[in-house]
């Protein structure tokens, strides 16, 4: 029985069907994008360890993958979740007890001589901050099932990326629209960007957060551990970052008459905390790749509304990789243009030789 469609119509219908079905799949999995991105990031981070244990030491790859998953859960996921829950808990506390914030604002107004804002605005801002933080940060109370499912999808994907690594990489190379040497370059760029945006950025922010919390604790600032957690998350923002935490703390101490403690906080912040950021970034840039602060800032603005708190890492990573793809696209076009020019020159040479023979 003959088909009613021509070969061209069949091709168009096939492509249309693929796009429609793919659209349904993307929409259905949109809530789990962070899980797949997280699996990809952890795959790149743990790849050297996996290779060292399975190739060099000949360990069973399923056992190694299980150990890496347990390690990531204990060392990365749970501490990050704990910090997030601590932060959101304290933000909700301050949103319900605005008197503490009003007193701080009043002291700042007495110090500067200017009225910053009204008490009504402060209460509104704190309530909005609590609501915004609830959307960005993972909350076990509000979405325990969603969080468990996302975590399960992440580790399930990561497990098969490692256990069936050859099939995964083979399929990836097969469907990527790039030549083999370009794919290798993209792989190196991906590794460098992940190291710079994930390992490097997390290390810098962790050191700054710990130093800020310790400094505030030494100089008797209330809730120093909480403000250290705030500094950890704020450190992802270039330039501003931790000064938004220790700066007001030092000024408030000065306004309270604690001149020594206020000056101490400001001196440690300016001399140690800011410079340790620059020092670590210079050291890490040599080993992990240098990411421009503007890319980091734009990536955070892009990523946080889409991926929540995970966007602090994923946003800059996606933006930097997008720039890498643009450079690859530019270079591929340049190569094609050079090949076209060479082909035209060959044809001209052949034509000239043919004319000369005649």
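In this note's numbering, the protein residues as written are 195 to 552.
All residues carry an ideal CB built from backbone N, CA and C; glycine is no exception.
Where residue i falls, given that 16 or more other Cβ within 10 Å makes a residue buried
i	result
residue 472	exposed
residue 243	exposed
residue 516	exposed
residue 447	buried
residue 527	exposed
residue 365	exposed
residue 489	buried
residue 351	buried
residue 201	exposed
residue 514	buried
residue 506	buried
residue 173	Absent from the model: residue 173. The displayed extent of the chain is 195 to 552, so no value can be given.
residue 204	exposed
residue 138	The structure shown has nothing for residue 138, since the chain only spans 195 to 552.
residue 277	buried
residue 222	exposed
residue 214	exposed
Spatial neighbours of residue i in its chain, beta-carbon cut-off 7 Å, leaving aside the 5 residues before and after
i	result
residue 344	226, 228, 229
residue 355	233, 237, 362
residue 349	263
residue 424	281, 439
residue 256	357
Same chain, Cβ closer than 6 Å to residue i, neighbours up to 5 away in sequence not counted
i	result
residue 253	247
residue 335	Confidence in residue 335 is poor, its pLDDT being 45 and thus under 50, which makes the residue's placement unreliable; the coordinate value appears in the next sentence. So no residue of the chain qualifies.
residue 413	455, 458, 459
residue 347	226, 229
residue 385	238
residue 509	493, 494, 496, 497
residue 535	none
residue 435	428, 429
residue 273	none
residue 444	456, 459, 460
residue 421	410, 439
Beta-carbon contacts of residue i that lie in its chain and below 8 Å, excluding the five residues immediately before and after
i	result
residue 220	none
residue 383	515, 518
Whole runs of the alpha helix (DSSP H) within the segment 217-249, excluding any shorter than 4 residues
227-245
Looking at C-beta atoms only, is the number of pairs between the segment 425-443 and the segment 391-404 that lie closer than 8 Å three or more?
yes
Are there three or more Cβ pairs, one per stretch, closer than 8 Å when the segment 416-435 is compared with the segment 447-466?
no
Starting from the N-terminal side, write out each stretch of the beta strand (DSSP E) that is 3 residues or longer and does not extend beyond the segment 344-368.
none
Taking three-plus beta-carbon pairs below 8 Å as touching, is the segment 492-502 in contact with the segment 369-377?
no
Can you give, in chain order, each stretch of the alpha helix (DSSP H) that sits fully within the segment 421-464 and has at least 4 residues?
437-449, 453-462
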